[in-house]
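Protein chains in written order, with this note's numbering: chain L, 1126 to 1302; chain X, 903 to 1061.
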């Protein structure tokens, strides 16, 4: 298990959803839901701390692999992430993705945090910063209207790929240890 | 300490023309902006005005850019007693169409170092824009409980 204290939030996204905490929890953890709003990826998660976590592409390949760090239905779900499905990205240190679900009046406040254990270059964070708003906007629409919002399927920005390759050459994360 | 800036992106299943109207027409904002009437349909040099649910003017800020339905920018200086001491910051909305839908980006910047208003808007915009998305997609805004500072601000504005 990772040392959570070493991970600092680098990207935070908050969205309010007309739904119950249980419905939001289900949307985050049920593969039939995640396929609708998460670029077609199905979640596959062992429902316990230390359990295996995976995101699978529509044709069944592993895109993200990790370990469940927090499992507190319907309040908090966190897991580590290693992006295995993209060249070079798999060699980066794992990050931590957490979801906090809080009731807020008749709605739910969902807070996503992407945390890292090293000084990640902004260019590497840019991929998540463009992806999370699309994914979580779409999650909200699926819960409220039954339909996702259309998303542009874009690969990682060229600057991001360059930054990943540079970080791998320099093993930049070792400097922070 | 560096100057803070706030960036938030949300995707809305409505065309940019509808999102533009929702941002600028007080009849629309009243329904999702927690009862506030925000009028921002003027030209550059005109004013964006906002009234609290109690009818008190809480904003009278110059419109900096207006290119319907793509780009809107105005100054931001709340007219509540304790916040008048900060210089105006700047709000910019960008609306990008995609398949009859809209990618809405807000950048709120030009804050003084150590700005108190920055903390308030960082909590406020996700609630307001989440509510706008619901309003445009399902016909009704959100009713989140006023959280901390947002609640305080609303109470002060209503006084």
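Note that CB positions come from ideal geometry on N, CA and C, so glycine has one too. For clarity, every value in this text was computed on a predicted model and none was experimentally measured.
Give me whichever residues DSSP pairs with residue i in a beta bridge.
{"i": "residue 1195 (chain L)", "result": "L:1203"}
{"i": "residue 978 (chain X)", "result": "X:991"}
{"i": "residue 1178 (chain L)", "result": "L:1170 and L:1191"}
{"i": "residue 908 (chain X)", "result": "X:1010"}
{"i": "residue 1000 (chain X)", "result": "X:1003"}
{"i": "residue 1228 (chain L)", "result": "L:1233"}
{"i": "residue 1221 (chain L)", "result": "L:1205 and L:1240"}
How many angstroms separate the CA atom of residue i from the CA atom of residue j?
{"i": "residue 1170 (chain L)", "j": "residue 1240 (chain L)", "result": "20 Å"}
{"i": "residue 1175 (chain L)", "j": "residue 1127 (chain L)", "result": "10 Å"}
{"i": "residue 1294 (chain L)", "j": "residue 1216 (chain L)", "result": "11 Å"}
{"i": "residue 1149 (chain L)", "j": "residue 1263 (chain L)", "result": "12 Å"}
{"i": "residue 962 (chain X)", "j": "residue 985 (chain X)", "result": "13 Å"}
{"i": "residue 1129 (chain L)", "j": "residue 1245 (chain L)", "result": "16 Å"}
{"i": "residue 1160 (chain L)", "j": "residue 960 (chain X)", "result": "43 Å"}
{"i": "residue 1165 (chain L)", "j": "residue 1289 (chain L)", "result": "24 Å"}
{"i": "residue 908 (chain X)", "j": "residue 1194 (chain L)", "result": "29 Å"}
{"i": "residue 1202 (chain L)", "j": "residue 923 (chain X)", "result": "37 Å"}
{"i": "residue 1227 (chain L)", "j": "residue 1204 (chain L)", "result": "18 Å"}
{"i": "residue 1172 (chain L)", "j": "residue 1200 (chain L)", "result": "14 Å"}
{"i": "residue 1270 (chain L)", "j": "residue 1300 (chain L)", "result": "47 Å"}
{"i": "residue 917 (chain X)", "j": "residue 1275 (chain L)", "result": "12 Å"}
State yes or no: is the beta carbon of residue i nearer than 7 Å to at least one beta carbon in chain L?
{"i": "residue 921 (chain X)", "result": "no"}
{"i": "residue 1051 (chain X)", "result": "For residue 1051 (chain X), the predicted structure reports a pLDDT of 47, less than 50, and the residue's modelled location is therefore unreliable. The matter cannot be settled from this model."}
{"i": "residue 977 (chain X)", "result": "no"}
{"i": "residue 955 (chain X)", "result": "no"}
{"i": "residue 1044 (chain X)", "result": "yes"}
{"i": "residue 984 (chain X)", "result": "no"}
{"i": "residue 1028 (chain X)", "result": "yes"}
{"i": "residue 1012 (chain X)", "result": "no"}
{"i": "residue 952 (chain X)", "result": "no"}
Report yes or no: is there a C-beta of chain X within less than 7 Å of the C-beta of residue i?
{"i": "residue 1141 (chain L)", "result": "yes"}
{"i": "residue 1270 (chain L)", "result": "yes"}
{"i": "residue 1230 (chain L)", "result": "yes"}
{"i": "residue 1266 (chain L)", "result": "yes"}
{"i": "residue 1274 (chain L)", "result": "yes"}
Enumerate in chain order the residues of its own chain whose CB-to-CB distance from residue i is below 8 Å, with the five nearest sequence positions on each side excluded.
{"i": "residue 1257 (chain L)", "result": "1136, 1138, 1237 and 1239"}
{"i": "residue 1267 (chain L)", "result": "1152, 1158, 1161, 1162 and 1273"}
I'd like the list of long-range same chain contacts for residue i, defined as Cβ closer than 6 Å, with 5 residues on each side in sequence excluded.
{"i": "residue 994 (chain X)", "result": "975 and 1009"}
{"i": "residue 929 (chain X)", "result": "none"}
{"i": "residue 1189 (chain L)", "result": "1180, 1206 and 1208"}
Report all residues from its chain with a CB closer than 7 Å to the CB of residue i; omit the five preceding and five following residues, and keep chain order.
{"i": "residue 1187 (chain L)", "result": "1179, 1181, 1209 and 1210"}
{"i": "residue 1254 (chain L)", "result": "1136"}
{"i": "residue 1214 (chain L)", "result": "1208 and 1289"}
{"i": "residue 1131 (chain L)", "result": "1242"}
Since residue i meets chain L, which of its residues come closer than 9 Å, beta carbon to beta carbon?
{"i": "residue 987 (chain X)", "result": "Correct list: empty, because the minimum Cβ distance to chain L is about 28 Å."}
Can you pull the chain X residues whose beta carbon is under 8 Å from the beta carbon of residue i, in chain order?
{"i": "residue 1240 (chain L)", "result": "Chain X residues near residue 1240 (chain L): none, gap ~18 Å exceeds 8 Å."}
{"i": "residue 1277 (chain L)", "result": "1000"}
Run down chain L in chain order and give the residues with a C-beta less than 8 Å from the C-beta of residue i.
{"i": "residue 912 (chain X)", "result": "1140, 1258 and 1262"}
I want to check one thing, is the minimum distance from the CB of residue i to the heavy atoms of the ligand ATP below 6 Å?
{"i": "residue 1209 (chain L)", "result": "By its list of ligands, the structure shown contains no ligand whatsoever, and the ligand ATP lies outside what it can speak to."}
Please list, in chain order, the chain L residues whose beta carbon lies closer than 7 Å to that of residue i.
{"i": "residue 1036 (chain X)", "result": "1143 and 1269"}
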